[in-house]
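Chemist: My questions all concern the structure below.
Number of protein chains: 2
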Amino acid sequence: MNREKHISSAFDRDLETIQAQVVRMGGMVEAAISDAAAALESRDEELAEEVRRRDKGIDALEAQINEESARLIALRAPTATDLRMVLAVMKIAASLERVGDYAKNMAKRTHVLSQLPAIEGAGMALRRMSSAVDKMLQDALDSYIRRDADLAEDVRQRDLEVDQMYNALFREFLTHMMEDPRNITPCMHLHFIAKNVERMGDHATAIAEQVIYLVTGELPDDARPKSNSVPADPVPAPEGEG
Amino acid sequence: MNREKHISSAFDRDLETIQAQVVRMGGMVEAAISDAAAALESRDEELAEEVRRRDKGIDALEAQINEESARLIALRAPTATDLRMVLAVMKIAASLERVGDYAKNMAKRTHVLSQLPAIEGAGMALRRMSSAVDKMLQDALDSYIRRDADLAEDVRQRDLEVDQMYNALFREFLTHMMEDPRNITPCMHLHFIAKNVERMGDHATAIAEQVIYLVTGELPDDARPKSNSVPADPVPAPEGEG
């Protein structure tokens, strides 16, 4: 970290308090992802319900982080560099809140999917994808605490793998749907979940990019290159179409 | 608006400048929605490309609003009520940015969909849904500028209609997919777009809720009741399944 020493460290102490809350929020979100994925795979509606319930705590923590950040700005009137750090905290909290929402969403679909024909291997594939994202998120927050731009860059690169997992699943779901119309409804839901997990990866990447910005003063040139990508290529051409 | 008169109005002037930027951002986002929907319906790839290009301007404006808001907080050290207003501006800008992203997303799929069999009526239905959301967004921003909690409440209510439009489309796409496997791929893309338009409605609602919070000091109890809803009921039971 290349910022000047403070004469007073009151700002630093306040910021560290807020950062600790962000780390706690990260832990809650990570638990939400893995529990939602586990609930989906084992059709455990109780666990899914718990993930939904816990999301309120995540939202409340974000609100608290926002309030305390605003208070910190108002109270200490930080200079440009410090101000940037407080804004980064708020952005990271916002990303975590979105990821928590996606996990809640996944949990919501567990009930519907439990009543539909199972798609072989889908639960496991989604859990594997979720755990890759989970690891990205952990490392993104680690890179934030340690102001480690290299680790943050590594997180960014791994987002490509998650995108590839998504594209492979998308292809697989299409195949299942074309094979048997009874698979269409469950695959629609599973596809949504896969897309949401891919979006979680985008948010972990956004956190990593904030870290790179904090450390180097610049956002990566091709910021979030894969965000919202459309799987144009992997779509099998519909039979009999020109 | 029930906040005390300021002795100095420097804060108000600064805030009004930022608000004007939010309104401008709103205009850009509204244009993005309607152009993206028009491009999709008429398979106009050039217009879609323009929507994608213009999204950078929307993102840049959000960054500017964030910076100026932060500077305003640092410079004027606003009290609780004023601080809340600045934070609301930032939240509204963040919602607009997300809506812009969804519009860009819709535009991205125009190219893929242009090469797939057309689904009758889908383009028109999506344009109608988009224009309902567009109107919600306009009214949400209007309610913000006029601090009109009634109009904001009206916007919230209209989100239910958008959710219904989405559920109807979801059912329709499922029917098309079950009728003919060649419809599966285009319907997957169209379904995504429909879901994204529904999410735009959620963001317009979030803006309306910020307005209610600013005016009344409280968020509506059942904040965002329809956000991320899973269409459990409207899913036709797969044939031959128990």
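Protein chains in written order, with our numbering: chain A, 1329 to 1570; chain B, 1329 to 1570. Note that beta-carbon positions come from the ideal geometry of N, C-alpha and C, so glycine has one too. Model, not experiment: these values are computed from the prediction.
#1: Counting Cβ pairs closer than 8 Å, one from the region 1454-1468 of chain B and one from the region 1360-1379 of chain B, do we hit at least three?
#2: Since B/H1519 meets chain A, which of its residues come closer than 8 Å, beta carbon to beta carbon?
#3: Using a Cβ cut-off of 8 Å, pull out every chain B residue sitting near A/N1394, in sequence order please.
#4: If you compare alpha carbons, which of B/E1395, B/Q1485, B/S1458, B/R1412 is closest to A/A1391?
#5: List, in order along the chain, the chain A residues whose C-beta lies closer than 7 Å to that of B/A1402?
#6: Quick one: is A/A1398 near chain B, going by C-beta distance under 8 Å?
#7: List, in chain order, every chain A residue whose beta-carbon is nearer than 8 Å to that of B/L1502.
#8: What would DSSP say about A/E1448, mapped onto helix, strand or coil?
#9: Name the chain B residues that come within less than 7 Å of A/M1571, Cβ to Cβ?
#10: Residues of chain A with CB under 8 Å from B/A1422, in chain order?
#11: Against chain B, with Cβ distances strictly below 8 Å, would A/P1509 count as a contact?
#12: When you compare each of B/Q1443, B/R1352, B/R1404 to B/A1388 by their alpha carbons, which one comes out closest?
#13: At the 8 Å Cβ level, is B/M1505 part of the contact set with chain A, yes or no?
#14: Report the rounded CA-to-CA distance for B/E1507 versus B/T1409, giving the unit in angstroms.
#15: Does the region 1467-1485 of chain A touch the region 1523-1539 of chain A, meaning 3 or more C-beta pairs lie closer than 8 Å?
#16: State the DSSP-derived secondary structure class of B/D1482, mapped to helix, strand or coil.
#17: Checking 8 Å against the spacing of the C-beta atoms, do B/F1339 and B/P1406 come in under that value?
#18: What is the DSSP secondary structure of A/L1454, counted as helix, strand or coil?
#19: Would you check if there are 3 or more beta carbon pairs closer than 8 Å linking the region 1426-1435 of chain B to the region 1373-1381 of chain B?
Modeler: Looking at the atomic coordinates:
#1: Look at the beta carbons and you see the region 1454-1468 of chain B touching the region 1360-1379 of chain B: at least three pairs across the two are nearer than 8 Å.
#2: Translated into positions along the second sequence, residue 1519 of chain B becomes position 191. For B/H1519, the chain A residues whose C-beta falls within less than 8 Å of its own C-beta are M1516, listed in chain order.
#3: Counted from its first residue, the first sequence places residue 1394 of chain A at position 66. Within chain B, the residues near A/N1394 are L1415.
#4: Here the question's residue 1391 of chain A lines up with position 63 in the first sequence. Taking A/A1391 as reference, the option from B/E1395, B/Q1485, B/S1458, B/R1412 with the minimal CA-CA separation is B/R1412.
#5: As a first step, residue 1402 of chain B must be located in the second sequence, where it is residue number 74. Within chain A, the residues near B/A1402 are I1401, A1405, P1406, L1411.
#6: The residue labelled residue 1398 of chain A in the question sits at position 70 within the first sequence. Interface with chain B (8 Å Cβ-Cβ cutoff): A/A1398 is included.
#7: Sequence index remark: in the second sequence, residue 1502 of chain B carries index 174 (1-based). Within 8 Å Cβ-Cβ: I1512, T1513, M1516.
#8: For the purposes of this step, residue 1448 of chain A is identified with residue 120 of the first sequence, where counting begins at 1. In this structure, A/E1448 counts as coil in the three-state DSSP scheme.
#9: The requested residue 1571 of chain A does not occur in the structure, where chain A is confined to residues 1329 to 1570.
#10: The count along the second sequence starts at 1 and reaches residue 1422 of chain B at position 94. Against chain A, a Cβ distance below 8 Å from B/A1422 picks out A1422.
#11: Translated into the one-based positions of the first sequence, residue 1509 of chain A becomes position 181. Closer than 8 Å: yes.
#12: Walking along the second sequence from the start, residue 1388 of chain B turns up at place 60. That would be B/R1352, whose Cα lies nearest to the Cα of B/A1388.
#13: Numbered from 1 along the second sequence, position 177 holds the residue referred to as residue 1505 of chain B. Closer than 8 Å to some Cβ of chain A, the Cβ of B/M1505 qualifies, so yes.
#14: As a working mapping, residue 1507 of chain B is identified with position 179 in the second sequence. As a working mapping, residue 1409 of chain B is identified with position 81 in the second sequence. The straight-line gap from Cα to Cα measures roughly 57 Å.
#15: The region 1523-1539 of chain A is in contact with the region 1467-1485 of chain A.
#16: Along the second sequence, read from residue 1 onward, the residue named residue 1482 of chain B stands at position 154. In the structure shown, B/D1482 sits in a helix (DSSP, three-state: H, G or I).
#17: Working through the second sequence from its first residue, we reach residue 1339 of chain B at position 11. Working through the second sequence from its first residue, we reach residue 1406 of chain B at position 78. Annotated as proximal: B/F1339 and B/P1406, with beta-carbon spacing under 8 Å.
#18: Locating residue 1454 of chain A in the first sequence gives position 126, counting from the first residue. In the three-state DSSP reduction, A/L1454 falls in the helix class (H, G or I).
#19: Remark: three or more beta-carbon pairs, one from each stretch, lie closer than 8 Å, so the region 1426-1435 of chain B and the region 1373-1381 of chain B are flagged as touching.
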